[in-house]
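Asker:
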Amino acid sequence: MANTETQNILVVGGGIAGLTAAIEAAEAGYDTYIVEKNPYLGGRVAQLHNYFPKLCPPFCGLEINFRRIRANPRIRFFTMAEVVNIAGEEGNFDVTLQLNPRYVNEKCTSCGKCAEACTMEIDNVFNYGMDKRKAAYLPHDMAFPARYVLDPALVKSGEAQKVKEACPYDAIDLNMEVKTMNLKVGSIVWATGWKPYDAHKLETYGFGEFPDVITNVMMERMAAWGGPTQGKIVRPSDGQPPKTVAFVQCAGSRDQNHLPFCSGICCLASMKEATYVREQYPDAKIYIFFIDIRATDRLEDFYAKVKKDENLHFFKGKVAKITKDGSGKGLTLRVEDTTTEALQEITVDLVVLATGMQPNTSDAKLPLQVPYDDYGFIAGQSAKAGIYAAGTTRTPFGVAESVQDGTAAALKAIQSIARR
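Under my numbering, think of the first position of the sequence shown as 30, with each following residue one higher.
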């Protein structure tokens with residue numbers, strides 16, 4: 030039985046699972062903290078163009094959650110923050126946070142004057158490096174909190190003072206430093222999410238060498254109105270519309286040399302992205318190269334609908350290699366058709382690699398001992414007494430499943446501290 034000293038709940042990770050857990054706990058009457066390493070809440074979902082099951086923009090659902098956060102005084106959140114230490118036990122955890130400087134305080138109105146005065150540019154990580162952004166930036170157009178950030182390189186540069194002086198609200202503080210903060214909580218939900226598997230490791234696919242080989246998450250940003258091409262799907266090499274597009278499934282997944290497991294969502298994600306192409310280019314030819322198609326329960330209907338498209342060809346075979354074609358403009362995929370056992374070479378304009386979901390816990394462990402499985406996921410929902418894993422921290426999930434799992438973790442965290 031827990032010796033409950035406090036009934037506060039800490040949620041680590043501000044993605045869809047973490048947001049759900051925090052909101053559900055707070056609305057059940059518990060003071061809740063959210064800790065997120067990014068300068069905004071919303072996680073990977075915020076980077077999608079559309080998401081299942083309704084195929085609508087993610088900010089439909091995220092905005093509802095942000096409104097619930099704003100309206101609930103029991104929720105306090107920290108962005109650009111990390112948990113660096115956890116001590117104690119269930120019902121009485123002492124947690125140390127590291128708060129990294131944003132260099133912009135609460136006076137910010139998102140007027141954008143700092144960005145206008147800034148000439149320094151940095152890679153736009155929100156768009157997976159496909160474009161640049163100012164070093165004084167709003168993380169993305171729908172960011173919550175809607176507050177600008179200064180990159181440390183800008184703060185150290187001779188341009189920093191000019192940017193500071195451009196702010197009419199005295200919201201820029203160039204002297205902000207890393208701080209630590211201590212919290213006492215009764216239970217913890219760990220929901221630090223996932224990252225796309227590094228496609229640079231797939232040496233035979235030419236990612237990084239051929240600009241027209243992109244990943245599925247990059248395709249989501251390209252299709253989004255706030256993305257690097259303002260929603261237009263084009264070949265990165267020349268900005269031209271692709272007439273043929275190949276989606277390569279299991280790019281590094283189900284492979285003992287990379288991710289040995291199936292992420293579960295990649296087949297449907299590629300089919301969804303095929304509809305993006307089809308909406309913009311009705312005459313484009315699309316190939317989906319697959320080992321097995323995994324579309325479970327209600328989403329089987331979506332698979333059946335996509336299969337009816339005469340310009341979309343499901344090709345059963347794993348792509349072995351991608352090279353430049355003879356013209357130097359197209360990409361040739363070498364693949365065995367496993368239904369006929371014939372080796373084929375198919376040339377396309379754009380290749381999209383369906384890379385899998387790698388848990389962030391595979392290389393960013395919790396600051397205390399908990400069990401992990403062979404793939405780096407936390408092994409089970411109850412990681413330790415009083416500490417509960419949620420969402421893709423413990424297994425590959427889609428958005429709807431992550432929401433459900435966040436709710437389940439909130440209930441576990443409440444039960445942990447409410448027992449007598």
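Even for Gly, the Cβ is constructed at its ideal location relative to N, Cα and C.
Helix, strand or coil: how does DSSP classify I443 here?
Answerer: Three-state DSSP puts I443 in a helix.
Asker: State the start and end residues of the unbroken alpha helix (DSSP H) segment that holds L183.
Answerer: Start and end: 181 to 184.
Asker: Between the alpha carbons of A228 and T384, how many angstroms are there, rounded?
Answerer: The straight-line gap from Cα to Cα measures roughly 7 Å.
Asker: Quick one: is L328 buried, meaning 16 or more other Cβ sit within 10 Å of its Cβ, or exposed?
Answerer: Answer is buried; the Cβ neighbour count reaches 16.
Asker: Which of helix, strand or coil does DSSP assign to G281?
Answerer: Of the three classes helix, strand and coil, the one that applies to G281 here is coil, per DSSP.
Asker: What separation, rounded to the nearest whole angstrom, lies between the Cα atoms of R449 and L440?
Answerer: In this prediction, R449 has a pLDDT of 44, which is less than 50 and means its spatial position is unreliable; what the coordinates show is noted afterwards. Roughly 16 Å between the two C-alpha positions.
Asker: Considering only C-alpha positions, which residue in the set G90, R162, F173 is nearest to R99?
Answerer: R99 has its Cα closest to that of F173, out of G90, R162, F173.
Asker: Who are the Cβ neighbours of S299 in its own chain at under 8 Å, not counting the five residues just before and after it?
Answerer: Result list for S299: N245, F276, Q278, I317, V381, A383, in chain order.
Asker: Closer than 8 Å by C-beta to D409: which residues in its own chain qualify, once you throw out the five before and the five after it? Chain order, please.
Answerer: The identity of residue 409 in the sequence shown is Gly, whereas the question assumes Asp. P400, A418, R423.
Asker: Evaluate K142 with the Cβ neighbour count: other Cβ atoms within 10 Å of its Cβ, from every protein chain shown; 16 or more gives buried, anything less gives exposed.
Answerer: Buried is the call here.
Asker: If we count the other Cβ atoms within 10 Å of its Cβ and call it buried at 16 or more, is M30 buried or exposed?
Answerer: Low confidence applies here, because M30 scores a pLDDT of 41, under 50, leaving its location unreliable; read the following figure in that light. Counting Cβ neighbours within 10 Å, M30 comes out exposed, since fewer than 16 surround it.
Asker: Roughly how many angstroms lie between the CA atoms of D170 and G255, to the nearest whole one?
Answerer: Each residue's alpha carbon lies about 7 Å from the other.
Asker: Looking only at C-alpha atoms, which of E308, T376, Q309 sits nearest to G355?
Answerer: The residue with the shortest Cα to Cα distance from G355 is T376.
Asker: For D152, count the other beta carbons within 10 Å of its own beta carbon; 16 or more makes it buried, fewer makes it exposed. Which is it?
Answerer: Per the 10 Å Cβ criterion, exposed.
Asker: Tell whether a beta-carbon distance below 8 Å holds between Q387 and L288.
Answerer: Contact flag set, yes.
Asker: Looking at C-beta atoms only, is the number of pairs between the region 45 to 59 and the region 232 to 247 that lie closer than 8 Å three or more?
Answerer: Taking 8 Å as the limit for Cβ pairs, the verdict is that the region 232 to 247 does not touch the region 45 to 59.
Asker: Using a threshold of 8 Å, state whether the C-beta atoms of P168 and Y69 are closer than that.
Answerer: Taking 8 Å as the Cβ cut-off, P168 and Y69 qualify as a contacting pair.
Asker: Measuring CB to CB, does V41 end up less than 8 Å from V218?
Answerer: The answer is yes: Cβ separation under 8 Å.
Asker: Assuming L126 contacts V113 (C-beta within less than 8 Å), just tell me the rounded distance between them.
Answerer: So it is a contact: roughly 7 Å between Cβ atoms.
Asker: Over what stretch of residues does the alpha helix (DSSP H) that includes Y59 continue unbroken?
Answerer: Y59 -> no alpha helix (DSSP H), and no H or E assigned at all.
Asker: Closer than 8 Å by C-beta to I294: which residues in its own chain qualify, once you throw out the five before and the five after it? Chain order, please.
Answerer: Cβ within range, chain order: M386, P425, F426, G427.
Asker: Any contact between the region 84 to 99 and the region 192 to 209? By contact I mean 3 or more CB pairs, one from each, below 8 Å.
Answerer: The region 84 to 99 is not in contact with the region 192 to 209.
Asker: By Cβ distance, which residues of its chain are closer than 8 Å to G158, with the 5 residues on each side in sequence left out?
Answerer: D152, listed in sequence order.
Asker: Just grab the DSSP bridge partners of R105 for me.
Answerer: Per DSSP, Y62.
Asker: Could you please give me the residues that DSSP links to H342 through a beta bridge?
Answerer: DSSP output for H342 lists Y316 as bridge partner(s).
Asker: For D402, which residues from the same chain have a beta carbon less than 7 Å from its beta carbon, with the 5 sequence-adjacent residues on both sides left out?
Answerer: The answer, listed in chain order, is A408.
Asker: Under a three-way DSSP split, which group does M205 fall into?
Answerer: DSSP places M205 in coil when its eight states are reduced to three.
Asker: Among A333, I262, T325, which residue has its Cα nearest to the Cα of R307?
Answerer: Ranking the options by Cα distance to R307, first place goes to I262.
Asker: Using C-beta distances below 7 Å, list every residue in its chain close to G359, excluding the 5 sequence neighbours before and after it, in chain order.
Answerer: Correct list, in chain order: T376, V377, D378.
Asker: So, under 8 Å CB-CB, Y177 and S139 are touching, yes? Tell me the CB distance rounded to an integer number of Å.
Answerer: Indeed they touch by this definition, with Cβ atoms about 7 Å apart.
Asker: Identify, in the order they occur along the chain, each residue of the same chain with its Cβ nearer than 7 Å to the Cβ of V184, setting aside the five sequence neighbours on each side.
Answerer: These residues qualify, in order along the chain: Y132, L203.
Asker: Can N37 and V214 be called in contact, C-beta distance under 8 Å?
Answerer: For N37 and V214, yes; Cβs fall inside 8 Å.
Asker: Relative to the C-alpha of V64, which residue among D330, T436, M210 is closest?
Answerer: The shortest Cα separation from V64 among D330, T436, M210 belongs to M210.
Asker: Taking the beta strand (DSSP E) that S299 falls in, what are its first and last residues?
Answerer: Here S299 belongs to no beta strand (DSSP E); instead the alpha helix (DSSP H) covers 295 to 309.
Asker: Using 8 Å for Cβ pairs, my map puts V111 next to K66. What's the rounded Cβ distance?
Answerer: The amino acid at residue 111 is misidentified as Val; the sequence shows Glu. That belief holds up - the Cβ atoms of E111 and K66 are roughly 5 Å apart, short of 8 Å.
Asker: I'd like to know whether the C-beta atoms of Y332 and I322 end up nearer to each other than 8 Å.
Answerer: In contact: Y332 and I322 (Cβ atoms closer than 8 Å).
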